[in-house]
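**Student:**
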Amino acid sequence: MLQWLLLVLILIQLTGCGSSEDAVTPANTPAPNNSFKNYIELGDLPALKEREKLRVLLTDINIDVPYLPRQGLPVHFETDMISQFAEQAGLKPEWIYVENFDDLLPMLLEGKGDLAAANLTITGERKEQVAFSVPVTIVTEQLIARSDDNLKSARELQGRSIAVQKSSSYWGSVQNLKKKHPKIDIQELDGRLSIVEILDGVANNEFDVTVADSNLVEAILPVQPKLKVAFDVSKERPIAWAVRPDAPLLLQELNRFITAEKLTARRHAVYTEDLPGIKKRKILRVLTRNNAATYFLWRGELMGFEYELVRHFADSQGLRLEMIVVPSRDLLTQWLLEGKGDMIAASISVPKTNDNDQLRYSRAYDKVYEIVVGRAKEDEVENVNQLRGRSFHVRKSSSYWRTLTELNKNGAALKIKLVPEHEETEEIIAKVASGEYDLTLADSNILDIEMTWRDDIKGVLNLGEEVSHAWVVRDDAPKLLEAVNQYIRKEYRGEFYNITRRKYFEKPKTIKKRLEERVDRGSNGRLSPYDDFAKNYAEKYNFDWRMIVAQMYQESRFDPNAKSWAGARGLMQVMPRTASQLGIKNLKDPKNSVEAGVKYLDWLRDRFEPELSVKDRMWFTLAAYNAGAGHVHDARTLARKKGWESNRWFGNVERAMLLLSKREYAKTAKHGYVRGGEPVKYVREIRDRYDAYVKLTQVAQN
Numbered sequence: 016m017l018q019w020l021l022l023v024l025i026l027i028q029l030t031g032c033g034s035s036e037d038a039v040t041p042a043n044t045p046a047p048n049n050s051f052k053n054y055i056e057l058g059d060l061p062a063l064k065e066r067e068k069l070r071v072l073l074t075d076i077n078i079d080v081p082y083l084p085r086q087g088l089p090v091h092f093e094t095d096m097i098s099q100f101a102e103q104a105g106l107k108p109e110w111i112y113v114e115n116f117d118d119l120l121p122m123l124l125e126g127k128g129d130l131a132a133a134n135l136t137i138t139g140e141r142k143e144q145v146a147f148s149v150p151v152t153i154v155t156e157q158l159i160a161r162s163d164d165n166l167k168s169a170r171e172l173q174g175r176s177i178a179v180q181k182s183s184s185y186w187g188s189v190q191n192l193k194k195k196h197p198k199i200d201i202q203e204l205d206g207r208l209s210i211v212e213i214l215d216g217v218a219n220n221e222f223d224v225t226v227a228d229s230n231l232v233e234a235i236l237p238v239q240p241k242l243k244v245a246f247d248v249s250k251e252r253p254i255a256w257a258v259r260p261d262a263p264l265l266l267q268e269l270n271r272f273i274t275a276e277k278l279t280a281r282r283h284a285v286y287t288e289d290l291p292g293i294k295k296r297k298i299l300r301v302l303t304r305n306n307a308a309t310y311f312l313w314r315g316e317l318m319g320f321e322y323e324l325v326r327h328f329a330d331s332q333g334l335r336l337e338m339i340v341v342p343s344r345d346l347l348t349q350w351l352l353e354g355k356g357d358m359i360a361a362s363i364s365v366p367k368t369n370d371n372d373q374l375r376y377s378r379a380y381d382k383v384y385e386i387v388v389g390r391a392k393e394d395e396v397e398n399v400n401q402l403r404g405r406s407f408h409v410r411k412s413s414s415y416w417r418t419l420t421e422l423n424k425n426g427a428a429l430k431i432k433l434v435p436e437h438e439e440t441e442e443i444i445a446k447v448a449s450g451e452y453d454l455t456l457a458d459s460n461i462l463d464i465e466m467t468w469r470d471d472i473k474g475v476l477n478l479g480e481e482v483s484h485a486w487v488v489r490d491d492a493p494k495l496l497e498a499v500n501q502y503i504r505k506e507y508r509g510e511f512y513n514i515t516r517r518k519y520f521e522k523p524k525t526i527k528k529r530l531e532e533r534v535d536r537g538s539n540g541r542l543s544p545y546d547d548f549a550k551n552y553a554e555k556y557n558f559d560w561r562m563i564v565a566q567m568y569q570e571s572r573f574d575p576n577a578k579s580w581a582g583a584r585g586l587m588q589v590m591p592r593t594a595s596q597l598g599i600k601n602l603k604d605p606k607n608s609v610e611a612g613v614k615y616l617d618w619l620r621d622r623f624e625p626e627l628s629v630k631d632r633m634w635f636t637l638a639a640y641n642a643g644a645g646h647v648h649d650a651r652t653l654a655r656k657k658g659w660e661s662n663r664w665f666g667n668v669e670r671a672m673l674l675l676s677k678r679e680y681a682k683t684a685k686h687g688y689v690r691g692g693e694p695v696k697y698v699r700e701i702r703d704r705y706d707a708y709v710k711l712t713q714v715a716q717n
């Protein structure tokens with residue numbers, strides 16, 4: 016208790032609270048609006064929009080937490096999401112805190128709130144009272160004991176007491192334990208106690224053991240060393256938001272929002288292994304930036320000189336490639352050292368001296384010159400002294416800044432103006448052309464690309480010294496560096512390398528066409544010629560339109576006349592019989608094909624329980640689109656038999672799907688044999704393409 020009280024005092028000092036009446040409110044937790052006067056409202060979304068408010072019911076734990084979790088509490092993430100939803104819906108969130116957890120759902124049903132969000136588990140009993148959104152997260156219920164307790168299994172709970180609230184979802188789980196082990200005692204707790212108070216009670220011997228959701232435990236235990244997780248009490252359970260059953264429009268909008276948020280949310284996993292560890296993961300994570308020389312999206316296809324080289328390298332190592340676009344250039348090194356990527360491939364110039372002993376540069380895979388870039392009307396100059404007093408606009412993290420600094424040391428007297436780290440060289444060149452910037456430096460290959468489509472810039476002076484481009488790895492990854500160097504030594508100036516380099520730097524007409532249609536540049540963020548159809552039907556059936564486009568590319572490469580050997584037709588490769596059952600004809604018509612594909616996808620999604628995580632329900636749905644829902648159900652059944660997670664596609668059900676192509680497993684499956692490798696590849700490639708679409712459309716929007 017003393018440790019937690021000390022943390023309270025620290026929090027009070029940090030938050031500048033001047034009175035004991037001030038509540039300690041952790042960062043990101045919304046404070047209640049004391050001037051807000053509640054009212055009764057039983058209407059749906061239109062009624063809420065008339066009032067311009069969204070009343071959110073929470074429990075007191077959310078505002079009175081006597082410690083500061085490093086990762087934040089689950090409620091922080093929930094309230095952040097709700098705030099984003101409210102903003103999109105044109106509503107102001109009003110946070111209404113309920114003292115007693117037992118009152119949460121009754122207040123919602125009485126019209127004293129519009130949405131309940133308190134780490135609510137979806138249970139059968141609760142579903143009879145309220146309507147739940149799609150899951151915002153998936154948790155397991157865990158038994159919490161003191162750190163010095165040797166408890167390891169439910170069998171050892173005989174004669175022990177589990178302290179839980181009757182209104183919580185834990186009550187049912189504990190009752191099930193008691194049925195198996197009758198000597199377990201259940202201590203019913205006051206519904207007004209917060210989870211922190213209950214855990215505090217266990218830590219200080221007031222209660223024996225208790226149960227808590229894994230996402231709460233993950234946040235709390237790092238700052239409460241007196242407690243530990245003894246074992247899992249339940250299988251995975253969905254956490255969701257609750258609304259009144261007669262608010263279908265609000266529920267529909269919430270589901271649409273949560274689906275989009277959960278599909279696009281990405282956590283940057285941290286790994287710092289060398290090549291053997293990377294091969295165990297089977298994924299090579301490459302940090303890069305989005306530009307014409309490195310990595311971009313054109314007509315739904317991922318492209319770029321750097322991208323094609325590193326993909327070729329990954330293939331040679333039997334690895335799947337994951338491109339990670341960092342927000343700004345200065346973060347490339349930081350993210351690499353933090354373990355958010357395995358290597359950098361972003362047209363990095365090798366410095367004359369490596370001042371960072373944590374980094375290692377590969378052999379050169381390309382060589383360029385640094386060119387002074389000015390407006391087309393500029394006179395060419397013979398040496399840098401003729402540019403004395405001129406302003407050069409560059410990023411501080413770039414090799415250009417180092418070059419200019421070195422020139423100034425030798426008396427060049429150039430003015431160095433720093434630009435934001437998120438500005439790519441092509442963007443800086445555009446500002447030189449417009450007159451916003453005076454001059455800049457650019458690598459010769461980047462200038463070559465820009466000169467294919469612009470006539471308002473020129474190379475003013477070649478600085479004359481050749482610069483090497485290399486990939487970058489951490490110092491503690493010598494085997495990865497060795498593999499990269501062997502690859503470059505073998506491929507540099509070889510057939511694949513030369514064809515790829517000419518493709519991006521030596522074909523002006525092709526380069527110009529790609530520039531005009533790049534997602535982040537000239538195409539107004541368009542991924543395909545059929546984006547409008549995808550957006551229309553994705554909104555109607557609650558999908559992310561970028562997922563539909565990624566699937567469309569996988570099915571037909573955007574060819575409306577595509578026809579498979581099995582007879583599937585059109586952009587979404589729907590069988591004519593299926594389309595007919597959906598009430599759609601003429602699959603050669605792009606609009607009809609997209610409608611049929613999305614409508615069928617929606618039908619398949621309904622074959623899987625809504626309590627699944629948003630992502631996994633999507634992956635199961637895509638697998639069913641490719642192989643049939645029956646085979647996916649067989650794979651889930653087999654996964655359970657194997658002790659794998661039957662609610663998780665990647666690394667679990669996909670493994671079972673692969674086994675169903677073997678006779679020993681297929682003969683006992685309800686739907687028999689399936690070429691399991693096809694849906695596994697299908698889902699993974701759509702997922703990867705979708706991830707890239709999300710990242711690059713976000714770049715375009717920004």
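All you need for the working numbering is the position in the sequence shown, starting with 1, plus 15. For every residue, glycine included, the Cβ atom is placed at its ideal position computed from N, Cα and C. Quick caveat: nothing in here was measured; it's all calculated off a predicted structure.
Buried or exposed: K473, going by 16 or more other Cβ atoms within 10 Å of its Cβ?
**Tutor:** buried
**Student:** Note down, in chain order, each residue of its chain lying with its Cβ closer than 7 angstroms to the Cβ of T455, except the 5 sequence neighbours on either side.
**Tutor:** If we look at T455 and ignore the five residues flanking it on each side, its Cβ neighbours are V388, F407, H408, V409, I443, I444 and V447.
**Student:** Would L374 and R304 qualify as a contact pair, given that the criterion is a beta-carbon distance under 8 angstroms?
**Tutor:** no
**Student:** Please determine if the segment 602–610 and the segment 585–592 are in contact, where contact requires at least 3 C-beta pairs separated by less than 8 angstroms.
**Tutor:** yes
**Student:** Tell me which same chain residues have a C-beta within less than 7 angstroms of the C-beta of D471, skipping the five on either side of it?
**Tutor:** R390, A391 and A448
**Student:** Please look up how many angstroms separate the CB atoms of F718 and Y519, rounded, as I've assumed it's under 8 angstroms.
**Tutor:** Only positions 16 to 717 of the chain appear in this structure, which leaves residue 718 out of reach.
**Student:** Secondary structure at Y688, three-state DSSP: helix, strand or coil?
**Tutor:** In the structure shown, Y688 falls within a coil segment according to DSSP collapsed to helix, strand and coil.
**Student:** Report the rounded CA-to-CA distance for K195 versus D117, giving the unit in angstroms.
**Tutor:** 27 angstroms
**Student:** Pull up the CB-CB distance for E109 and R170, whole angstroms please, since I reckon it's below 8 angstroms.
**Tutor:** About 48 angstroms; that fails the 8 angstroms criterion.
**Student:** Bridge partners for T136 per DSSP, in chain order?
**Tutor:** I254
**Student:** Identify, in the order they occur along the chain, each residue of the same chain with its Cβ nearer than 6 angstroms to the Cβ of D706, setting aside the five sequence neighbours on each side.
**Tutor:** none
**Student:** Looking at the strands, I want to know which residues DSSP matches up with E109.
**Tutor:** R70
**Student:** Three or more C-beta pairs under 8 angstroms: does that hold for the segment 491–509 against the segment 412–424?
**Tutor:** They do not touch, by the three-pair rule.
**Student:** Can you tell me whether DSSP reads W468 as helix, strand or coil?
**Tutor:** The answer is coil: DSSP assigns W468 none of H, G, I, E or B.
**Student:** For V719 versus V224, is the C-beta spacing smaller than 8 angstroms?
**Tutor:** Residue 719 lies beyond the stretch modelled for the chain, which goes from 16 to 717, so this question has no answer here.
**Student:** When the Cα atoms are used, what is the spatial distance from K656 to D381?
**Tutor:** 52 angstroms
**Student:** Could you compute how far the alpha carbon of S628 sits from the alpha carbon of L278?
**Tutor:** 10 angstroms
**Student:** Beta carbon of R344, beta carbon of L336: below 8 angstroms?
**Tutor:** no
**Student:** Use the C-beta contact count for T599: other C-beta atoms within 10 angstroms, 16 or more gives buried, fewer gives exposed.
**Tutor:** For the sequence presented, residue 599 should be read as Ile rather than Thr. Answer is buried; the Cβ neighbour count reaches 16.
**Student:** Going by C-alpha distance, which of F147, L204 and D703 is nearest L265?
**Tutor:** Between L265 and the set F147, L204 and D703, the nearest pair of CA atoms involves F147.
**Student:** Have a look at G692, R702 and G645 and flag the residue whose alpha-carbon is nearest the alpha-carbon of H686.
**Tutor:** G645
**Student:** Does the beta-carbon of L419 have 16 or more other beta-carbons within 10 angstroms, so that it is buried, or is it exposed?
**Tutor:** buried
**Student:** Nearest to L674 by alpha carbon, out of E156, D649 and K198?
**Tutor:** D649
**Student:** Give the DSSP-derived three-state secondary structure of M318 in the structure shown.
**Tutor:** M318 falls in the strand class under three-state DSSP.
**Student:** Which same chain residues, not among the five before or five after I731, have their C-beta less than 6 angstroms away from its C-beta?
**Tutor:** This structure does not reach residue 731, given that the chain is present from 16 up to 717, and the question cannot be answered.
**Student:** Would you call the CB atoms of R252 and T136 closer than 8 angstroms?
**Tutor:** In this structure, T136 lies closer than 8 angstroms to R252 by Cβ.
**Student:** Under a three-way DSSP split, which group does K710 fall into?
**Tutor:** helix
**Student:** Going by DSSP in three states, E3 sits in which element: helix, strand or coil?
**Tutor:** Residue 3 lies beyond the stretch modelled for the chain, which goes from 16 to 717, so this question has no answer here.
**Student:** By the DSSP assignment, the beta strand (DSSP E) with F246 in it spans what residues?
**Tutor:** L242 to D247 is the span of the beta strand (DSSP E), which, as asked, contains F246.
**Student:** Threshold first: 4 residues or longer. Then list the alpha helix (DSSP H) segments lying entirely within the segment 619–652, N to C.
**Tutor:** 629–642
**Student:** Starting from the C-beta of K630, find all residues in its chain whose C-beta is less than 7 angstroms away, skip the five residues before and the five after it, and write them out in chain order.
**Tutor:** K277 and L278
**Student:** How would you write the range of the alpha helix (DSSP H) that F222 sits in, first residue to last?
**Tutor:** No alpha helix (DSSP H) holds F222; DSSP gives it neither H nor E.
**Student:** Give me the DSSP bridge partner(s) of T303.
**Tutor:** V340
**Student:** Candidates E125, T712 and W468: which alpha carbon is nearest V258's?
**Tutor:** E125
**Student:** Are the beta-carbon atoms of I339 and V301 separated by less than 8 angstroms?
**Tutor:** yes
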